[in-house]
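One structure is given here, and the rest of the page talks about it.
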Amino acid sequence: MRRAAVIGTAVASALAVSGCGTIIGTSEAQEIARINVSSPDLREGRPLPRQFSCQGAQGSPPLRWSSRPLDEAATVAIVVDSNSAESSGVYWVLYNIPATTTELGPNAAESPPEGSGQATVTSGKAGYEPPCVSKGTYRFSVYTLKGKVEVQEGASLSEVLRRIADLTIARGRLTAVNIE
4 MRRAAVIGTA VASALAVSGC GTIIGTSEAQ EIARINVSSP DLREGRPLPR QFSCQGAQGS
64 PPLRWSSRPL DEAATVAIVV DSNSAESSGV YWVLYNIPAT TTELGPNAAE SPPEGSGQAT
124 VTSGKAGYEP PCVSKGTYRF SVYTLKGKVE VQEGASLSEV LRRIADLTIA RGRLTAVNIE
């Protein structure tokens, strides 16, 4: 995968919500490593369990990830979004997770890892905003970053996503289709 693809994925979600259809400017393309993303409660291509939607009370689902060792890994970021015709938006952005972290338990948005930050998502709320549209494609993306995401408090979603894209050295994804 190329870095431009990461930028396109991360920024397109934020820009789509704001009504912008094109991405202006791209970074120099660079190969990035692959991250394996899994969850005890989510399965690739299967429905998002109801308890992690707006009809449930679980909050964010547990996630696990692994990749080959990366010397330059400094932090990890998680972006949960949807860009399907039925549902488009960003539901969670958690960044500056320590690089030594390889999993988050259920409802980690309520008690995020020390030093991490959560961006304001499409709904205007910071933290995990559970999806509500029953038909949709919900992507749980994990990024390994070569540095910390340095943003001012209250930074825009698009700014946080651009910073994540600029720092990405590895990426992986788990995709749920529809809600149970």
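In the working numbering, the protein residues as written are 4 to 183. We put the CB at the ideal spot given by N, CA and C, even for glycine. Here the structure is a predicted model, which is why all the values come from computation and not from measurement.
| request: Within 10 angstroms of the Cβ of residue 74, are there 16 or more other Cβ atoms? Answer buried if so, exposed if not. | output: exposed
| task | Please check the pair residue 167 and residue 82, which I expect to be a contact at CB under 8 Å, by giving their CB distance rounded to whole angstroms. | result | 7 Å
| Residue closest to residue 113, alpha-carbon to alpha-carbon, out of 105, 130 and 125 | 130
| Should residue 3 and residue 160 be called a contact, given that it needs their Cβ atoms to be closer than 8 Å? | Because residue 3 is not part of the residues shown, which for the chain are 4 to 183, the question remains open.
| message | How far does the beta strand (DSSP E) with residue 176 in it extend, from its first residue to its last? | response | 171-180
| field | 7 Å Cβ shell around residue 47 - same chain, five flanking residues per side excluded | value | 177 and 178
| field | Which of helix, strand or coil DSSP assigns to residue 45 | value | coil
| field | Boundaries (first-last residue) of the beta strand (DSSP E) holding residue 70 | value | 66-70
| request: Indicate the three-state DSSP secondary structure (helix, strand or coil) for residue 129 in the structure shown. | output: strand
| query | Between the beta-carbon of residue 52 and the beta-carbon of residue 109, is there less than 8 Å? | reply | no
| Where residue 99 falls, given that 16 or more other Cβ within 10 Å makes a residue buried | buried
| field | Identity of the residue in 67, 101 and 140 nearest residue 181 by Cα | value | 140
| said: Restricting to Cα atoms, I'd like to know which of 120, 56, 105 and 58 is closest to residue 147. | reply: 105
| The beta strand (DSSP E) with residue 104 in it runs from where to where? | Residue 104 -> no beta strand (DSSP E), and no H or E assigned at all.
| request: Specify the secondary structure class of residue 121 as computed by DSSP and reduced to three states. | output: strand
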